[in-house]
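Below is one structure; the comments refer to it alone.
4 protein chains.
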Amino acid sequence: MLTTPFDDDQLHEECGIFGVYRHADAARHVALGLHALQHRGQEAAGIVAFDGARFQAHRAMGHVAEAFESDRVMAELAGYTAIGHVRYATFGATILRNVQPLFADMSFGGFAVAHNGNLTNAMALRRRLVKAGCIFQSTSDTEVILHLVSTSQQNGVIDRFIDALKQIQGAYSLVALTDNMMIGVRDPLGVRPLVLGKFEDGTMVFASETCALDIIGADFVRDVEAGEIVIVSDEGIRSLKPFGSPKSRFCIFEHIYFARPDSIVDGRSVYDVRKHIGAELARESGVPADVIIPVPDSGVPAAIGYAAEAGVPFELGIIRNHYVGRTFIEPTQQIRNLGVKLKHNANRPQIEGKRVILVDDSIVRGTTSLKIVQMVRDAGATEVHMRIASPPTTHSCFYGVDTPERSQLLAATHDIEGMRKFIQADSLAFISMDGLYRAMGEPRRNTDAPQYCDACFTGDYPIPLTDHWGSEEDGPRLPLFSKAI
Amino acid sequence: MLTTPFDDDQLHEECGIFGVYRHADAARHVALGLHALQHRGQEAAGIVAFDGARFQAHRAMGHVAEAFESDRVMAELAGYTAIGHVRYATFGATILRNVQPLFADMSFGGFAVAHNGNLTNAMALRRRLVKAGCIFQSTSDTEVILHLVSTSQQNGVIDRFIDALKQIQGAYSLVALTDNMMIGVRDPLGVRPLVLGKFEDGTMVFASETCALDIIGADFVRDVEAGEIVIVSDEGIRSLKPFGSPKSRFCIFEHIYFARPDSIVDGRSVYDVRKHIGAELARESGVPADVIIPVPDSGVPAAIGYAAEAGVPFELGIIRNHYVGRTFIEPTQQIRNLGVKLKHNANRPQIEGKRVILVDDSIVRGTTSLKIVQMVRDAGATEVHMRIASPPTTHSCFYGVDTPERSQLLAATHDIEGMRKFIQADSLAFISMDGLYRAMGEPRRNTDAPQYCDACFTGDYPIPLTDHWGSEEDGPRLPLFSKAI
Amino acid sequence: MLTTPFDDDQLHEECGIFGVYRHADAARHVALGLHALQHRGQEAAGIVAFDGARFQAHRAMGHVAEAFESDRVMAELAGYTAIGHVRYATFGATILRNVQPLFADMSFGGFAVAHNGNLTNAMALRRRLVKAGCIFQSTSDTEVILHLVSTSQQNGVIDRFIDALKQIQGAYSLVALTDNMMIGVRDPLGVRPLVLGKFEDGTMVFASETCALDIIGADFVRDVEAGEIVIVSDEGIRSLKPFGSPKSRFCIFEHIYFARPDSIVDGRSVYDVRKHIGAELARESGVPADVIIPVPDSGVPAAIGYAAEAGVPFELGIIRNHYVGRTFIEPTQQIRNLGVKLKHNANRPQIEGKRVILVDDSIVRGTTSLKIVQMVRDAGATEVHMRIASPPTTHSCFYGVDTPERSQLLAATHDIEGMRKFIQADSLAFISMDGLYRAMGEPRRNTDAPQYCDACFTGDYPIPLTDHWGSEEDGPRLPLFSKAI
Amino acid sequence: MLTTPFDDDQLHEECGIFGVYRHADAARHVALGLHALQHRGQEAAGIVAFDGARFQAHRAMGHVAEAFESDRVMAELAGYTAIGHVRYATFGATILRNVQPLFADMSFGGFAVAHNGNLTNAMALRRRLVKAGCIFQSTSDTEVILHLVSTSQQNGVIDRFIDALKQIQGAYSLVALTDNMMIGVRDPLGVRPLVLGKFEDGTMVFASETCALDIIGADFVRDVEAGEIVIVSDEGIRSLKPFGSPKSRFCIFEHIYFARPDSIVDGRSVYDVRKHIGAELARESGVPADVIIPVPDSGVPAAIGYAAEAGVPFELGIIRNHYVGRTFIEPTQQIRNLGVKLKHNANRPQIEGKRVILVDDSIVRGTTSLKIVQMVRDAGATEVHMRIASPPTTHSCFYGVDTPERSQLLAATHDIEGMRKFIQADSLAFISMDGLYRAMGEPRRNTDAPQYCDACFTGDYPIPLTDHWGSEEDGPRLPLFSKAI
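Protein chains in written order, with the numbering used here: chain A, 1 to 485; chain B, 486 to 970; chain C, 971 to 1455; chain D, 1456 to 1940.
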C-alpha cells in the first residue's frame, strides 16, 4: 500500500474539539460538529458523553461519519452533555488507546478531556509523573494532563485543573467534562483556536471553528480568550484567567491553510484573509499572464483574490479527484511516476498555449510543487509562474502541526532562486511577511511583539520547547511502550 | 442510517468502463483508469484480467482505491490484458453478483464484458432466454448479452457478439475481453461515451472519458464512433460497423453534469462547454447582482462563465464538506432539518447584505435547491436568484442514468414560476434549449434530427423503450430471485 | 498459516443436506438440522427458503452457528419451506459461488437444489452443456443438474428432473425445492444417506442423518430408498422409482467414520456397528495388553467394543484439545515437530509402564498414526499395538469423499508389515473384510453382489468413473474460470 | 443471539497463564502453551514479549489460534522472553482493555503481569489508590497490582512487587515480566495452580497446568509452592518466601472439573483423581443398573471409574456436538425447548429399555441436569439415576471461579431429595466430603486444617472476603467507567 503521494508534502493539523452542554441530543450534535471539523483530523474520532450518572465513551479509527454511524453506538452515548475529538496522529501510528477524549475516574468523579495542540514539556512531566508512580496507558500528551489533575494536591476540580495547566507548556485548546461542568481552555498565548457558541435555547457549545457551530445551527458568541478558562455549568458561565492577560499569539497558519474558508477564526473570515493574501501577492509579485490557476483546493481563495487584483481570468486548470483515499495499490516504478495524478489532473484546454500563474498555499518539501509545475507544463503552458500565499516555511512547528523535520523543509535549505530551480518554475514568489500581516489587517508585523505565532516562518518560538531542547540524557521521546490494544 | 441528504436529489451515472490490451501492468493500469472514472460510479468496482491462460476476476463493493488496495488482489490479477468497471446501482441494492465485468466460460473460451448504459429490452430478452433454458445468476442487464453470445448460432466470437448486439436495444458502451481480443462497442446512436487511447509503446486503451487516459499517461486517439465495434488484437486494430452509419445522438447531460470537467467527450472540452453555458445563461437571463456563487462542485465552471460574461465577482459562497460519506447517524427530526449542512455550508461574509446569483447544473426534485436558497438567505443575502445550466428536467432517462420517476421531477409538474415558488428564490431561470445547443457549438437544436439525446428535457426518446412500454402481462421487471451471495 | 496437522491425514465427507416442508419456522429448523450435520462439512453453509412468493437465500463460509447467527439473516429467510446444505470443499478453495443450495429462475419458476455426493460424469456433461450455450457460474457439480433441468425438453418439473437424473452418474443424495414441492432423491445405488422424518404435526423433513431429526424433535420415518424420488407437497407424499429397483450399495465408510455415532443410518446404529467392529478386531487380532486406548474421538466406540470383548481396561490415554481451529501460527521447524500435540496429548499416568493397544478408525497417509505411536511410546508405553477398525484403505473415493490420490494412501503402497514399520508400532492389524461385514450384521461380503460400496478397500467401483477414465483430450477438470466473487 | 444454553449452568475458570524465559521462539511457544490452556478461558488471549529493548503486546478477543494466527502479529512479538494469558470474563462484558497481560512503564522500566485468580480486596485497594491520584484504565483486579508496584516506596522491582503482594488478598497465580526477569508467584495458600517447567536446553517455563508443558515438549520440574516467588533470570533461579511457609489450600475443584484430565496438578493426575471419585461414588451410592453413561465431556473419567468399580458397562449414551459456538440463532419458544440438544443428543440404542446411571461432575443451577435426565428418559431409559462427582455446591467462589450468586445454586436452596425432584431423576447421590478426600489420597477431610480449599462445598473461606463483606458505603464494585475502547 501507498500513502497517497501528496500526504507527505502537506502540513497536517492535529485535532479538532467540540462540546455540547445540556442538550437532549448532545452526542449527536457533537458528532455533527466533529463532522464539520473533519478537515482538522481524519485518522480517528471519539466522543465521551455523560448522562447524569455514567460516562460513556466511543472511539474509533477513521472518519466521524463511519465512527458514529451505528444507531447502537449513538444509543450508548445517550446523555445531555458530551465532548468530542477528531485527530490526526503526530507521532507514530495512531493507536486506539491514544484516541481522545481521554477519560479517568478520579477521587472526585469522572474527568474527560480532549486536546487540540501539543505540549512542549510533556516528556519532562511524564518522566516526573512515572517516577512518582503514575502509570500511563497511552503515548498521548493529553494523558499528562489527566495525571496532573489526578495527583494534584489542590481541592476541587477547577483548582486541580488550574494546578495542572500551570505546569504544562505548549499550545493547547482543551474541552473537559466533569459530572457537573463542561470546561473550555485556551493556552496563555491562544495559539490554537476555540470558540464559544450558543443555541437559541441557551445550550452552550465549544468548537475549534465556527463552521462547526453552523452545521448544528448554533450562534457564534465569542472566542475563548488566550489563557482563559470558561466553565459551563447549570449555574451558567464563569470565566477564569489564571494566567493574567497575556497578549495573544494566534497561529497565523490557521488562516493560511488549516481552518475551513467558511470559518471565522480569531475574529476574521478565513476566506477573506486568503483573498487578501492573493491580492497582496498580485501587487507584490505580479507577472504578465493569461490565466490564474489555483492548486486545489486550498489555493482557490487566494487565486480568486489574485485574479481579481490582477485582472487576469481565474480558471480551474487543475481538477482534483475527490475519491482519493488514504491508500492505493502499490505502484510499480512506472506508475509511481504518475503519482500526483491520482489526486490532480491538468485541464488541458485551459492551459495549452497560455502563460499560467499557479497559486498555492505553501511549499513544504517541494516535491508536489515540482510535479504540479511539470504537469502544467506538459499540458502545454508556455510559462509557469508559482505564487505562494505564505512566506517560506523555514522552521518546524512544535505547537500541534505535523511538520517534517527542518532538514526536510525546502525553504530551510534553499533560497528563493534555489527553490525555483527545484520546482522548475519560470518564476517563484512568496508573500512577504509584512504583506501577510497586511492581509490580516495589521499595518505590519510588530517585530517586538508579533501579533501572531509565525514561528514556522521566523523561528521565533513564543513558548519554550522544553522537550525539544532537553539534553540527550532525558532519553527518547517514547520510552518502552507496548503495542496497540 | 441515512443516505446523505443530497443523494436523492441528484442524477447518477451508472457506470464507467476501462480496458488495457497488452501491457505488463494491465490490471494496475485498469485500476488507475477506474479511479479516474470513480465519479461515474462509487458503489462497486471490478476487474477481469487474462494472462494468456486463465481469466482472473476481482469484484468488490466500494471505491476503487479500497477494492484494489491489496497487493494480494493485484498479484492475482496478473496478466497482460484487463478490463474494468465502476458501477452505480440502478435497480435495488447492488449485490456482488451484479458487479461487473461479468464473465462466462463459453464453448469458444472465456468471455468477459463490462457495460455502461442500459438496455431497454432486457426483460423481454431475458424472458425469452429463460424459456430456452438459460440460467441467470444476476439481475444485471449485462448478463443478457452474455447469454445471447453464448447461445448464438453464429460461428466465431465476433459474429456471435454482433448477433447479440443486433438483438439488444438501449444505450450501451461495452468493453469485452476474449482470450485474444479486447473489443470496444458503442450503441448505434452513441449515447454513452467511449474513447480509444494509446500508450507510446502502442498499447491500446478503451476508456469512458479522456481523464482516465490522462491518469496513466496514455494519449487520446479518437472516439469510438456510434455503432462502431473496435477490435484490438495482436493483429492490430479492426473497425466494424454492423449497423451502417447512423447519425450520433450523444447524451447531452454528460456535458452538463456527468463527465469530469477535465475530460474531452464527444470532441469537446467539458469545462469549456459548461463555461459557455454559464455565459449563455448570463446573456439570456441576466439580473443585477453583487456576487455569483456556484452550488459546488458541479456548478463551478458555469458560474465562472456566468461571472466573466456578467462582470460580477465569482466567489465560493458555499463551502462543501468533502468528508461526506454515504451514511451518517440517524438524525432526530431536529437534526434532519439541518440535513443539507452535512455537505454544504454558507460562507457568510461573502453573502451577507448582497444580491446573490446561485448557479447550479440542474434541478431534479428541487428539495436541495430549496435548502440551498434558504441557507443563502439565512446567511444574509438580500436577493437570491437561481440560474440553472440545463433546461428543465421533465422526463426520466432510460438510457443509463438513474433518474427518479417522472412524477418526482419538479419540472414535470411545475412551470417555471411554480418551480421558483417551490424553491423560494427571487428569480429562477433555466438555459433555453437553443442556448444549450449554442453552448455546444451548434447554431440551434435541429428539431428534425436532434444532434444530441436530450430526452430528459424533451421526452424525445431516440431508442424504443420496449420493457417500459410493455404490457402488464409481461410481468415484473425482477422475477423471483434469490438474495445476494 | 498452517492447516491443522491432522486434516491432511483424515478423510472428509463433502456435505450434509436438510429440508423442511411447511413449517412456521422452516429456516430456523433447517439451521438447527444443519448444525447437527456440521460434522459432514465445516467450510460453508447455505439455506434457501420459499415463502409462497419469493425465494430467499443466504450462504456463508464457516460454521452454521456463525452463518445463521444474525436475526436479520434469519428474518430474511422467512418462509414455510426451506432446504440447506453444509459443505466441505473437495476441489480447490471453496468459493462463495460454490456454496449450496444453488438456485435458478427457470421457465416454470424457481428451482433450488442441495447435493451430497459427487457426480462422476460432471465434466463430460458440463462440456456438452457449455457447447450448447449454457453459462456456468460455479465449479460445482451441482450446477450441472440445474442446467440439465433448465434445458430439458420435458414438461413439468418432475419430468425435467428425472430427465436430468437419467443423464448424471455418481453418488448423490439431493434435496430440491420448487414453488410447490420439496423433493428428496438418492442415486440408484443409494451410496450416500438420506432419511425422511416427520414432526408430530405432519411437517415432513429430509436429512442426511437421523441425528438431525433428533435436534428438532422430528421422528424418523424411513430411509429414502436407493434410486427413489420422494416428492413432498401439499397433496402429501409421492414416491417415484424411475430407475426401477436396483440393489443398494450404501457407503460402508459412513458407518466406520463419517456418520455421527448417535445416528441410525441405513437401518443400523452407527455406535453399535463400531462397537461390533471393535469386538471383531479383538477376536481376530487380540494381543496381551494392559490398557485399550482410543485415538479420539472416532476410535472411541470401537475401543469400547474391543475392551469389553478383550476384558482389558478402557482408558482415555490420549486427550484431545477441542479448541483446535482450522489454522494456527506458522510454526518454525522445531514447533512443527510438535505438530500433533496441537490436537492430542498423551495422558501419561494411563500409559507409563503399560502395554497399550491403540484403536483408530482408519489409516490414510499414516503420518498421524506414526506421531500418535511415537507420542504414546514417549509417554512410557512398554508396547504399542495399533488396531484399525477398517480394512486397509487402498483406493481413492470418487463418490463424495475427499481422499488423497491413491499414491498417497499408505495401504496402496505398503503391505501390513510395511505399514507397521512405517508407523513404528509393535504390531498392526486391520479388521478383515468379512469381519467388517459381520459387524454390519452380514454373514460375510457377498463378492458377487457386495452389500455395500467398499471401493476404498477393494477398488470395486460400482458406478462408472466417466470423468476420471476420460482421455487427456477431454481437458482439465476445471476449465478457464474466474476467481471468487 | 443466544448464549449457548449450557453456559449458564456451568462453572467457569477465569484464566490460564504461561511464560517462557530465554528462547528464540518465546512468543510462539507461549501461544502454544496458551492453546493447551484454552479450556481455562476462551474469551480473550494476550501475549507480552520483550526483546531486550522493547516490550511488545498483542491482545485480542477470541481463541488463541485466531488471536495469534497472523504471521504479522507473531513477527511483532519477536523477543526472547514472553508471558501470556487466556481469559474468561468474570464481571460484565470482557473489553479489550481488560485483556491481560497488563503492562506499564514504571520508573525502573517496563513491567507486565498476567493473573489467574481473584483479589478479594481489590475494590478497597482501588479506592485507596484512586484517592492517591492513580488513574485506572481497566476494571481488572490485576491493574491494582500494577499500581501498587508503581507507587511502592520500596527500591528495586522485587521489593516493590513483594510490597504489593503483601497488600493484596485473594487467590492468585501470577507471571510477571521485567526487562531482566520472569517471575512466578502463587498466593500464600496456593489456591490456583502454577508449575515450573524446563526445556532440555535449560529454558525455563511457567504454566498453569502441565498439559501446557507437554505441548511444547518441556519437562515438568515442580509446582511453584504456596506463597513462593520464583525469579527466573540470566543468573538462574531464585526462590523467595516472603509469607513464610503457610500450609497450602489448593482448590479442590481444579481436580473435579477445571484442570485438563491429562494434567498433573498439585502432584496428582487429574484423570486418576476423577476415576477414583467415580469408584468412591460406586461404593458409596451404587444402584443396580444396565449402563453407566457420562455427561460429556467432564463426566467421562468418573464414569469410567464408576463402571469399572461397579462392573456395569460404560457407554457413550450421550453424544456431544463439538461445533457448538458461543451463539446461535435466536430461537422461538418452540426451538428454545429443544435447547439442550444444540450440544447433546441421546444415543438411543444405548439407552432404550435400560436402567441408566448418569455421571456428571457437579450440579450448579440444575437446569441442565433436568434437561439431560429428560432427554435420557425420552430416549427410553426405564430408570435414570444421577451420580455427581463432587459434594453439593452450596457456596459461591470468590477466588477466581465464575459461580452464580448463592441464591442461584440449586444445592444452596434444596436438600438432596429436593434436588432429585427438581432434576426428576429416580435417584440422586453426591460423593461425600470424606469420599472426595479419599479420592485425593487423604484419609479424610481434616476439619481443623482442611488440606484443600473446598469453600464452594463448605462455606469455609480460607481468605478474607474484604470487598464482599464491605459495607454499603464502600460503593459499587464498578464506579463510573467509560465504555470499551
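Yeah, the Cβ is synthetic: ideal placement off N, Cα and C, and Gly gets one too.
Which of helix, strand or coil DSSP assigns to residue i
i	result
Glu14 of chain A	coil
Gly1388 of chain C	helix
Asn1068 of chain C	helix
Asn1086 of chain C	strand
Gln835 of chain B	helix
Asp1129 of chain C	helix
Ala455 of chain A	helix
Thr1597 of chain D	helix
Arg1861 of chain D	helix
Residue i - partner residues in DSSP beta bridges
i	result
Leu358 of chain A	A:Ile293, A:Met386
His1055 of chain C	C:Ile987, C:Gly1016
Arg513 of chain B	Answer is none; Arg513 of chain B lacks a bridge partner.
Separation of residue j from residue i, as counted between CA atoms
i	j	result
Tyr1907 of chain D	Cys1706 of chain D	6 angstroms
Asp1922 of chain D	Asn1576 of chain D	5 angstroms
Asp1085 of chain C	Asp1915 of chain D	The question names Asp, yet the displayed sequence has His at residue 1085 of chain C. So the two alpha carbons sit approximately 60 angstroms from each other.
Glu902 of chain B	Gln859 of chain B	17 angstroms
Glu487 of chain A	Ser239 of chain A	Past the edges of chain A, shown from 1 to 485, lies residue 487 of chain A, and the structure says nothing about it.
Gly1172 of chain C	Leu1435 of chain C	40 angstroms
Contact set for residue i: own chain, Cβ-Cβ below 8 angstroms, skip 5 residues either direction
i	result
Thr898 of chain B	Ser892
beta-carbon residue i near the ligand SAM non-hydrogen atom, thresh 7 angstroms
i	result
Thr1373 of chain C	What this structure holds is no ligand at all, so the ligand SAM is not there to describe.
Beta-carbon proximity check, residue i vs residue j, cutoff 8 angstroms
i	j	result
Leu1557 of chain D	Ala1567 of chain D	yes
Val1043 of chain C	Gly986 of chain C	no
Asp1372 of chain C	Glu984 of chain C	yes
Same chain, Cβ closer than 7 angstroms to residue i, five either side skipped, listed in chain order
i	result
Ala212 of chain A	Phe18, Gly33, Ala36, Leu37
Val718 of chain B	A small correction: the amino acid at residue 718 of chain B is Ser; Val does not occupy that position in the sequence shown. Here the set comprises Asn665, Met666.
His761 of chain B	Gly790, Ala924
Ala703 of chain B	Gly682, Lys683, Phe684, Val690
Thr1337 of chain C	Asp979
Beta-carbon contacts of residue i that lie in its chain and below 6 angstroms, excluding the five residues immediately before and after
i	result
Glu383 of chain A	Arg355, Asp426
Gly109 of chain A	Asp179
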